[in-house]
Structure formats: C-alpha cells, structure tokens
Amino acid sequence: MIKNYLIYSLVILTALSQTSCSVDPSLTLEIPEEGFKVVQHIPIDSVGRDQNALYLTPRSIKQDEFNSTELNTFIDSMNAVMMREEGVGIAANQLGKRLQIFIIEAMNDNPRYKVLGAVENQVFINPKITKVSKERKNFWHGCLSAENEDRGNVATFSWIEYECQNQKGETQRGRLEGFASVIFQHEYRHLMNGTYLDHANHFLPKAELDHQLEIGELPFFEPANDTLPLLIEGYQLGKSLEDY
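Next up, the structure:
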C-alpha cells in the first residue's frame with residue numbers, strides 16, 4: 240500500500256509540474272523579472288511573426304482576475320512603460336502579453352502630439368466597439384512597436400462608442416471623439432492583431448512628414464475619403480475580440 244501510494248503521489252506531482260510548465264507566460268498577468276520591453280513589429284511573411292504577441296489572439300480577462308493585486312500591478316506596469324516611452328497609449332500585447340487590455344492617455348506637454356490636446360488616462364478591459372461615426376479622419380500614425388519605422392497614413396472613425404470593463408470588473412460605456420478616438424482605435428488595432436504598418440499604403444519618414452505638415456502639403460486630422468485604408472478594418476460592432 241505504501242509503495243502504491245508513493246507511486247501515485249509521484250504521478251500527481253509530475254502531472255502538476257508538467258501542467259505548470261506548459262502555461263504560456265504571454266497569457267498570464269505575471270511581471271517578468273527583467274521588466275517589460277516593448278515588442279516590435281515583424282513584417283508580414285517574416286520569420287517569428289507567428290510567435291509574436293502582436294499577431295496572436297489575446298484572451299479576455301476573467302471575472303476572478305478583476306480587482307486583484309496581479310491585475311492592478313500589471314496595469315501599473317503598463318502605465319509606467321507608456322510614460323517611460325512617451326507614448327499616448329499602450330496595449331498589453333505590446334508588452335508580450337496576449338491580454339485584452341489597453342490604456343490611452345495624452346498629456347498637454349507630450350512632445351509628439353501636444354497640438355491635439357490632452358486625453359485623460361483611461362483603462363479599457365475586454366473592449367467592444369458598439370457604434371461608429373460615418374465620418375472618418377486622416378491621421379499619420381507612429382507606434383512604440385514601430386521603432387525607427389516611417390509614419391503611416393490611415394483613416395480612423397471621427398468618434399466611436401464602446402463597452403468595456405474597468406479594473407473592478409464593472410461594465411463601462413462611453414463615447415470618444417477627436418484625438419481620444421484615434422488613440423482608442425490605434426490600441427484596439429493591436430488587440431485585433433497587427434499595427435498600422437500592416438494597413439497603410441503611404442509612408443513617410445518623421446522628419447519629412449513634419450516638414451510637409453508644417454508647410455501644409457499634407458492633410459492631417461482632416462476628413463478622409465473611403466480610399467484611405469481604415470486602421471481597424473475587419474472590426475465588428477458589438478462583437479468581442481474572440482469573435483474575429
């Protein structure tokens with residue numbers, strides 16, 4: 240009996256060990272010991288794209304994870320990276336985590352986008368887009384996950400309405416316009432998989448873009464026609480991200 244019990248215990252421990260080891264860290268809220276680095280874009284058909292969190296479906300946050308120390312600490316880490324990199328938004332998969340979370344925020348003194356005004360810090364968990372404007376806006380996008388890449392011109396909806404959950408798991412609904420709407424759609428694109436680099440057809444180096452915008456040669460944040468690629472092409476109103 241003792242011998243059989245020992246064998247049984249070893250089998251259970253081995254199974255538990257294998258289960259623990261098989262958990263994909265990109266699907267957890269764990270903070271890596273070395274901290275977070277921003278995951279970078281990989282071109283289509285390039286090696287490694289099929290293993291990059293930017294292009295893999297993120298999971299929803301579960302009910303028992305809301306209002307937990309792990310979730311709150313992870314979101315604090317996202318905020319810290321966004322501030323460190325001087326970004327105006329960040330999605331969990333930009334940090335290698337396949338989780339349906341993103342943050343938007345633009346300070347008045349942000350060196351990249353201060354002309355567009357401030358956007359308050361907002362956290363979106365398990366987001367859905369429930370309504371969009373007919374009008375679209377022209378915008379030249381850059382990205383923390385597109386380091387040293389050219390800016391790309393794509394269209395975003397002038398305003399969107401959304402449904403999501405906050406850190407406590409409470410359902411939130413709202414409407415975003417202007418720059419806040421652009422940032423939301425930029426981060427939502429990440430959770431849909433990919434970046435603006437996968438959708439834009441017209442690219443310019445930042446220095447050249449800044450010059451052409453300054454002299455009025457290019458449109459910026461103006462009404463866009465239907466020929467300009469839509470950043471969140473493929474979105475479905477009211478559908479969860481798992482439905483894509």
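Using my numbering, read the sequence shown as starting at 240 and increasing by one per residue. In this text, a Cβ means the ideal position worked out from N, Cα and C, and glycines have one as well. Model, not experiment: these values are computed from the prediction.
Asked	Found
Can you tell me whether G477 is buried or exposed? The criterion is at least 16 other CB atoms within 10 Å of its CB, across all chains shown.	exposed
Checking 8 Å against the spacing of the C-beta atoms, do I368 and Y474 come in under that value?	yes
In its own chain, which residues sit with a C-beta less than 6 Å from the C-beta of L467, not counting the 5 before and 5 after it?	A394
Quick one: residues in its chain with C-beta nearer than 6 Å to the C-beta of P444, no 5 flanking neighbours on either side, listed in chain order?	D389
Closer than 6 Å by C-beta to N432: which residues in its own chain qualify, once you throw out the five before and the five after it? Chain order, please.	Y294
CB-CB under 7 Å to P282, same chain, minus the five flanking residues each way: which ones, in chain order?	none
Is the beta carbon of S420 within less than 7 Å of some heavy atom of the ligand FMN?	Annotation note on the ligand FMN: not contained in the displayed structure, which lists no ligands.
Answer yes if the stretch 457-472 comes into contact with the stretch 393-408, meaning at least three C-beta pairs across the two stretches below 8 Å, and no otherwise.	yes
Would you call the stretch 365-384 and the stretch 412-430 in contact, with 3 or more CB pairs under 8 Å?	yes
Just mark N306 as buried or exposed, buried being the case when its beta carbon has 16 or more other beta carbons within 10 Å.	exposed
Can you have a look at G274 and say buried or exposed, based on whether 16 or more other CB atoms are within 10 angstroms of its CB?	exposed
Using C-beta distances below 6 Å, list every residue in its chain close to S265, excluding the 5 sequence neighbours before and after it, in chain order.	A292, G335, K336 and R337
Would you report the Cα separation of F378 and I342, rounded to the nearest angstrom?	19 Å
So what's A439 in DSSP terms, helix, strand or just coil?	coil
Any idea what DSSP makes of Q361, helix, strand or coil?	strand
For W398, collect the residues of the same chain with a Cβ closer than 7 Å to its Cβ; drop the 5 residues on either side in sequence, then sort them by chain order.	S372, R414, L415, E416 and S420
Which value, in whole angstroms, describes the spacing of the CA atoms of Q451 and V278?	30 Å
Shortest alpha-carbon distance to Q406 belongs to which of L448, K376, V362 and Q339?	V362
Ignore the nearest five residues each way along the sequence and tell me which others in E374's own chain have a CB closer than 7 Å to its CB.	S397 and P462
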